[in-house]
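Start counting the sequence shown at 27; every next residue gets the next number (my numbering). Backbone N, C-alpha and C define an ideal beta-carbon position, used for all residues, glycine too.
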Amino acid sequence: MKALLHLRFRFALVMILGVAMTATLVQAGQLLNNNRNAVGGVSINVDGQLTSAPPEVKRQLRQLMLDSMEKVPGDMTMPVKMRKVSLRGLNDAIKASVQNNGGKLPDAVKYMAGLQRIEYVFVDEANNDVVIAGPAEGWTVDESGNVVGVTTGRPVLLLDDFIVAMQTTEEARRGGITCSIDPTAEGRQNLDNYLASLTRMDASVKEGVERAMGSQVITITGVPKDSHFARVLVAADFRMKRIAMHLDQSPVRGLPSYLDMLPSARAVQNAMPRWWLACNYQPLAQSEDGLAWQLRGPGVKAMTEDEIVAEDGSVAQTGKTSAIPQKWADAMTKNYEELSAEDKVFGDLRNVMDMCVIAALLQKEQLLKKANLELDMIQSDSSPVKLEAFPVPDTVPTFFSAMKKGRQWVITASGGVDINSWEVASHTENVAGMDKLRTEQLASATTNVWWWN
27 MKALLHLRFR FALVMILGVA MTATLVQAGQ LLNNNRNAVG GVSINVDGQL
77 TSAPPEVKRQ LRQLMLDSME KVPGDMTMPV KMRKVSLRGL NDAIKASVQN
127 NGGKLPDAVK YMAGLQRIEY VFVDEANNDV VIAGPAEGWT VDESGNVVGV
177 TTGRPVLLLD DFIVAMQTTE EARRGGITCS IDPTAEGRQN LDNYLASLTR
227 MDASVKEGVE RAMGSQVITI TGVPKDSHFA RVLVAADFRM KRIAMHLDQS
277 PVRGLPSYLD MLPSARAVQN AMPRWWLACN YQPLAQSEDG LAWQLRGPGV
327 KAMTEDEIVA EDGSVAQTGK TSAIPQKWAD AMTKNYEELS AEDKVFGDLR
377 NVMDMCVIAA LLQKEQLLKK ANLELDMIQS DSSPVKLEAF PVPDTVPTFF
427 SAMKKGRQWV ITASGGVDIN SWEVASHTEN VAGMDKLRTE QLASATTNVW
477 WWN
């Protein structure tokens, strides 16, 4: 982009979109329409463009969810490090709701007994079952409309997301699950021409940049674009950009914005950094007989690579990484655990990554076959379960942000999400004691229930 170098301004592409958080409730009347078009902070107009939802709409949605939420059953309220969920029992509970309750699922089923991560998988051959396990507690709705644990505030797993992960294992194997938000080549050229026409930097530049760049395109692969799962990918990408670009204050002290890390605009070369979020797991632990598995590691990491924008607006990867963008990516990875506790969308992203890895593991190791278990309500494409469908986000307007460094101005942000679950599931190691742990946990099962502590 030669015009950038003619002036003592340095710009790169600004990619910002509205937040998409958790909302599973559908109500009648006018608020139903609001729920369909303004979910957890994002509003989608008739053209499929994302904007921010007004605060009063978010308050109404939260209240609707709280009013309709069922009381958390009995021992599900208890915070525990290990809650077990029978996939056979979960499948049967869904089937019973379809047959006897018109498909309306109990909250306990929708929120998977309050699980907040899937950490273990145990094959129960004696009972033709596969059991997943992890930390869990009772749930409520936070101020942003997220369904979270009552004590930790961390997001709970959603059955809708688990079903999507289980039904898209082949898509994940073939090409992975991805999300990105990108300007058009025309928008990049328009920006180049606009910047070349500038003679000074003032408040009018903001409107000019946003108008020149125009709408940016949201691309989602591997999962249904109208699913809650897809909304999590988009929202996480959004929040990463907002923090990097100094548009939102980071909730974690150890993660400043990328702009704050830059000592000067000269630190930015012609290449612009791209960040994306990817899986971050240690090799899966397994028992020697392959009937017990543990998901290990923080789950998510930030990656970066430099990109070059050509004069025609096209983008090419360089295969190289600059020091300061890498420093910012490392800071986000290091602080991801704390960040996910403060900003729930990052916890949601780790949850869906966990689910994708578990789905790939079940398929790759044929664990359901070993248990002689068929999950027709969860895994089958012909399942009668109707997933919550949301308006598809197609585009997002450009929002401008810049910071002066010396005599120059600098702003850059690009990114996405990449879930390569099959690669994670392919790295395993035998760990002593896993078989004993499986025996102990399965022995604690209670008759005629689909979950237990």
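Notebook entry, point to check: If you follow the alpha helix (DSSP H) that F255 is part of, which residue opens it and which one closes it?
Noted result: As a working note, residue 255 is residue 229 in the sequence shown. For F255, the enclosing alpha helix (DSSP H) begins and ends at 254-270.
Notebook entry, point to check: If we ignore side chains and look at the alpha-carbon of each, how far apart do I203 and E196 end up?
Noted result: As a position in the sequence shown, residue 203 is number 177, starting the count at 1. As a position in the sequence shown, residue 196 is number 170, starting the count at 1. If I take the Cα positions, the gap works out to 10 Å.
Check: Distance, Cα to Cα, V260 vs I404?
Finding: The residue labelled residue 260 in the question sits at position 234 within the sequence shown. The residue labelled residue 404 in the question sits at position 378 within the sequence shown. Rounded to the nearest angstrom, the two C-alpha atoms are 24 Å apart.
Notebook entry, point to check: Where does K462 fall in DSSP's three states?
Noted result: The count along the sequence shown starts at 1 and reaches residue 462 at position 436. Annotated three-state conformation of K462 is helix, per DSSP.
Margin query: Helix, strand or coil, according to DSSP, for T103 in the structure here?
Written below: Here residue 103 refers to the residue found at position 77 when the sequence shown is read from its first residue. Taken through DSSP and simplified to helix, strand or coil, T103 comes out as helix.
Notebook entry, point to check: When you compare each of L281, A152, G234 to V368 by their alpha carbons, which one comes out closest?
Noted result: Here residue 368 is taken as the residue at index 342 of the sequence shown, counted from 1. Position check: residue 368 holds Glu in this sequence, whereas Val was assumed. Ranking the options by Cα distance to E368, first place goes to L281.
Notebook entry, point to check: Under 7 Å, do K107 and P181 count as touching if we go by C-beta distance?
Noted result: Taking the first residue of the sequence shown as position 1, residue 107 is located at position 81. Taking the first residue of the sequence shown as position 1, residue 181 is located at position 155. Not closer than 7 Å, so no.
Margin query: Does the structure place the stretch 344-358 close enough to the stretch 326-333 that three or more beta carbon pairs sit under 8 Å?
Written below: In short, these stretches touch, since the Cβ pair count reaches three.
Notebook entry, point to check: Got a sec? Which residues, its chain only, sit under 8 Å from T472 by beta carbon, not counting five neighbours each side?
Noted result: Counting from 1 along the sequence shown, the entry for residue 472 is found at position 446. Excluding residues up to 5 positions away in sequence, W478 lie with their Cβ nearer than 8 Å to the Cβ of T472 in the same chain.
Checklist line | Three-state secondary structure assigned by DSSP to V157 | finding: As a position in the sequence shown, residue 157 is number 131, starting the count at 1. V157 falls in the strand class under three-state DSSP.
Notebook entry, point to check: Rounded to a whole number of angstroms, what is the C-alpha to C-alpha distance between G201 and D402?
Noted result: For the purposes of this step, residue 201 is taken as residue 175 along the sequence shown, with counting starting at 1. For the purposes of this step, residue 402 is taken as residue 376 along the sequence shown, with counting starting at 1. C-alpha separation (whole angstroms): 25 Å.
Notebook entry, point to check: So R279 packs on V326, CB below 8 Å; how close in whole Å?
Noted result: As a working note, residue 279 is residue 253 in the sequence shown. As a working note, residue 326 is residue 300 in the sequence shown. Actually they do not touch by this definition, with Cβ atoms about 19 Å apart.
Next item on the list: In the DSSP assignment, find the unbroken alpha helix (DSSP H) run with P181 in it and report its ends.
Entry: Within the sequence shown, numbered from 1, the residue matching residue 181 stands at position 155. Per DSSP, P181 is not a residue of any alpha helix (DSSP H), being assigned neither H nor E.
Checklist line | Distance, V173 Cα to R268 Cα | finding: Along the sequence shown, one-based indexing puts residue 268 at 242. Along the sequence shown, one-based indexing puts residue 173 at 147. Distance between the alpha carbons of R268 and V173: 23 Å.
Next item on the list: Tell me M329's beta-bridge partners as DSSP assigns them.
Entry: As a working note, residue 329 is residue 303 in the sequence shown. According to DSSP, which records beta bridges pairwise, M329 is partnered with W302.
Checklist line | Which residues DSSP lists as bridging I445, in chain order | finding: If you number the sequence shown from 1, residue 445 lands on position 419. Looking at the DSSP output, I445 sits in a beta bridge with I203.
Checklist line | Secondary structure of L317, DSSP reduced to three states | finding: Stepping through the sequence shown from its first residue, residue 317 is reached at position 291. Of the three classes helix, strand and coil, the one that applies to L317 here is coil, per DSSP.
Checklist line | According to DSSP, residues forming a beta bridge with R109 | finding: In the sequence shown, the residue the question calls residue 109 occupies position 83. Partner(s): G160.
Checklist line | Boundaries (first-last residue) of the beta strand (DSSP E) holding I246 | finding: Here residue 246 refers to the residue found at position 220 of the sequence shown. Taken as a continuous stretch (DSSP letters only), the beta strand (DSSP E) holding I246 covers 241-247.
Margin query: According to DSSP, simplified to helix, strand and coil, what is N377?
Written below: Mapped onto the sequence shown, residue 377 falls at position 351. When secondary structure is reduced to three states using DSSP, N377 falls in the helix class.
Next item on the list: Tell whether a beta-carbon distance below 7 Å holds between V443 and A262.
Entry: Locating residue 443 in the sequence shown gives position 417, counting from the first residue. Locating residue 262 in the sequence shown gives position 236, counting from the first residue. In terms of Cβ geometry, V443 and A262 form a close pair [threshold 7 Å].
Notebook entry, point to check: Where A139 and G115 are concerned, what is the direct C-alpha to C-alpha distance, given to the nearest angstrom?
Noted result: Working through the sequence shown from its first residue, we reach residue 139 at position 113. Working through the sequence shown from its first residue, we reach residue 115 at position 89. Their backbone Cα atoms lie some 12 Å apart in a straight line.
Next item on the list: Could you name the residues of the same chain whose beta carbon sits closer than 6 Å to that of P99, not counting the 5 residues immediately before and after it, in chain order?
Entry: Taking the sequence shown and counting its residues from 1, one reaches residue 99 at position 73. Around P99: A134.
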